[in-house]
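Residue numbers (our numbering), protein chains in the order written: chain A, 388 to 500; chain B, 5 to 117. For reference, the structure is listed below as structure tokens.
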Amino acid sequence: GDSVTQMEGPVTLSEEAFLTINCTYTATGYPSLFWYVQYPGEGLQLLLKATKADDKGSNKGFEATYRKETTSFHLEKGSVQVSDSAVYFCALRLTGGGNKLTFGTGTQLKVEL
Amino acid sequence: EAEVAQSPRYKITEKSQAVAFWCDPISGHATLYWYRQILGQGPELLVQFQDESVVDDSQLPKDRFSAERLKGVDSTLKIQPAELGDSAMYLCASSLGTVETQYFGPGTRLLVL
């Protein structure tokens, strides 16, 4: 079945460090890929998306590239801030799968001064 | 900014009791989703409504869970009887019809003792 695998957390970084959170997927066909963020006490928010191979999604300094050859969608940011501390979820939606999202387990990011 | 409202935010109940959660979507959003998020896992779709009709409830444990959206606006998710394994965060989301416009509420955290 369809699935998303994320690196385990928590990931702890110092402010201004480079961030990578790995995400790989298994799916039939060509899914759309998403990153969601969940700040403490808040609901999930869509961070960025990519709908086809080689697309790059970007938002708020974060970016991720849809790599079909490696079935990956790694999240990156060049310089993290304390305010980026949150849980990040990778998700996929199958082509023709309606609006059903399959989420990864989430990766907690802690950024320290 | 319009938000998805959920209540209660926290609920503690005993095994075999009935429990209900309420969700008020963003005005005008025809699609409403209920997700369950077990600690350490990603959200899993339980049920999806389009207006008052169920579109997908394939992952809803129908022997104990029920969901309704009688007037196509707010929605209630019920568990009867609750079991220990139902302890989780229950998330509601609404959208205009695409996953990109899916907005999540803050969730209801359920603890079954």
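C-beta: ideal position from N, C-alpha, C; glycine also.
So, does the CB of residue i fall closer than 7 angstroms to a CB anywhere in chain A?
{"i": "residue 109(B)", "result": "yes"}
{"i": "residue 50(B)", "result": "no"}
{"i": "residue 63(B)", "result": "no"}
{"i": "residue 32(B)", "result": "no"}
{"i": "residue 46(B)", "result": "yes"}
{"i": "residue 103(B)", "result": "yes"}
Tell me, which residues are paired with residue i by DSSP?
{"i": "residue 446(A)", "result": "449(A)"}
{"i": "residue 49(B)", "result": "39(B)"}
{"i": "residue 400(A)", "result": "498(A)"}
{"i": "residue 463(A)", "result": "407(A) and 450(A)"}
Can you check whether the C-beta of residue i is within less than 7 angstroms of a C-beta belonging to chain B?
{"i": "residue 443(A)", "result": "no"}
{"i": "residue 502(A)", "result": "No answer is possible for residue 502(A): it lies beyond the span of chain A, which begins at 388 and ends at 500."}
{"i": "residue 420(A)", "result": "no"}
{"i": "residue 492(A)", "result": "yes"}
{"i": "residue 430(A)", "result": "yes"}
{"i": "residue 359(A)", "result": "Lying before the first or after the last residue shown, residue 359(A) is absent from chain A, which here runs from 388 to 500."}
{"i": "residue 476(A)", "result": "yes"}
{"i": "residue 480(A)", "result": "yes"}
Just to confirm the assignment, what range does the beta strand (DSSP E) spanning residue i have?
{"i": "residue 119(B)", "result": "There is simply no residue 119(B) to check, as chain B begins at 5 and stops at 117 in what is shown."}
{"i": "residue 436(A)", "result": "432-437"}
{"i": "residue 421(A)", "result": "419-425"}
{"i": "residue 67(B)", "result": "Careful: residue 67(B) lies outside any beta strand (DSSP E) and carries neither H nor E."}
{"i": "residue 6(B)", "result": "First-last for residue 6(B): undefined, no H or E at that position."}
{"i": "residue 103(B)", "result": "Per DSSP, residue 103(B) belongs to no beta strand (DSSP E) and is neither H nor E."}
{"i": "residue 28(B)", "result": "23-28"}
{"i": "residue 112(B)", "result": "112-116"}
So, under 8 angstroms CB-CB, residue i and residue j are touching, yes? Tell me the CB distance rounded to an integer number of Å.
{"i": "residue 49(B)", "j": "residue 63(B)", "result": "6 angstroms"}
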